[in-house]
Amino acid sequence: MKNRLKVLRAERDWTQAQLANALQVSRQTINAIEKGKFDPSLPLAFKAARLFGLSIEDIFEDEAGEANV
Amino acid sequence: MTEWQQNTRRLTVRLGIWTGIWLFSTALATFGPLLVWQSQLLSIVAVVLNVAVGLGMILANKDQLKSLDELQQKIQLESMGLTLGAGLVLGIAFSILDTSDVIPFDAEIPYLVMMMSLIYLTSLIINTRRYQ
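Chains as they are written, first to last, in the numbering used here: chain Y, 1 to 69; chain B, 1001 to 1132.
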């Protein structure tokens, strides 16, 4: 699953640690999500969406769904 | 440090304390009858105490796991799953080697515990690096 977490974080000038603290996860988790190595759960994705004031689809992109279109 | 991190740290320290007490109670139950007392009643009390402390350690471990975030829980789950599977398969294979007299020594439980500890540690390091 692709995501725009790194871009959104950079736009707000936040560090990975700051985002991790805001989402109550470890910095390693933010790093793994940004690199596409780990897909967050739905609750965590909603939390991130709320934090950035966006919808989940604005942040995360389902690559499998895109390929099927 | 955030409240979430403080909570995880507190529960990790608590797990460490429970593990230390369990190790001490295991040593007491193992070496007590050999070096300190010759009473069967005291041996039973030491084993009951060891199991009770072990239950406390299991609950502390459960609480600590619940305090981790979802990636950390996934890493733990994968490492524990591999350890359990490998422990079962290799443990039984080791036991068969013993019963069929292929190895010149008994397949004791401590060997299994050491092997599982090494598998758990190795898989934990590999899984942690996989997500970096």
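Virtual Cβ for every residue (Gly too), placed ideally from N, Cα, C.
- Listed along the chain, the chain Y residues whose CB falls inside 8 Å of the CB of Gln1006 of chain B amount to none; the nearest CB is some 11 Å away.
- Taking the Cβ atoms as the reference, Thr1008 of chain B lies roughly 6 Å from Leu1068 of chain B, within the contact range of under 8 Å.
- At the C-beta level, Trp1018 of chain B and Ala1060 of chain B come within 8 Å of one another.
- With the criterion set as a beta carbon lying under 8 Å from some beta carbon of chain B, the members of the stretch 14-26 of chain Y are Asn21, Gln24, Val25 and Ser26, in sequence order.
- By the Cβ test, the stretch 1066-1084 of chain B is not in contact with the stretch 47-66 of chain Y, since fewer than three Cβ pairs between them sit closer than 8 Å.
- In the pairwise beta carbon analysis, the stretch 26-39 of chain Y is classified as touching the stretch 1070-1077 of chain B: at least three pairs are separated by under 8 Å.
- In this structure, DSSP gives Glu61 of chain Y an extended state, which the three-state scheme calls strand.
- Within the stretch 1046-1076 of chain B, Asp1069, Glu1070, Leu1071 and Gln1072 place their CB atoms closer than 7 Å to a CB of chain Y, listed in sequence order.
- With its beta carbon less than 8 Å from one in chain B, Leu44 of chain Y belongs to the interface.
- Put simply, the stretch 1112-1125 of chain B does not touch the stretch 9-20 of chain Y. Fewer than three CB pairs are less than 8 Å apart.
- Linking Ser41 of chain Y to Leu1023 of chain B through their CA atoms gives a straight-line distance of about 37 Å.
- Within chain Y, the residues Gln28, Asn31, Ala32, Lys35 and Lys37 have their CB atoms less than 9 Å from the CB of Gln1132 of chain B, given in chain order.
- In the structure shown, Lys1074 of chain B adopts helical secondary structure according to DSSP, grouped into three states.
- Leu23 of chain Y sits away from Ile59 of chain Y, with the two beta carbons spaced by 8 Å or more.
- For a cut-off of 8 Å, the C-beta gap from Gly1087 of chain B to Met1116 of chain B is around 4 Å, short enough to register as a contact.
- Taking 8 Å as the cut-off, the beta carbon of Leu44 of chain Y is found closer than this to the beta carbon of Val25 of chain Y.
- Rounded to the nearest angstrom, the gap between the Cα atoms of Val1036 of chain B and Met1001 of chain B is 46 Å.
- Within the same chain, and ignoring the five residues on either side of Thr1012 of chain B in sequence, the residues whose Cβ sits closer than 7 Å to its Cβ are Gln1064.
- For Lys2 of chain Y, the three-state secondary structure derived from DSSP is strand.
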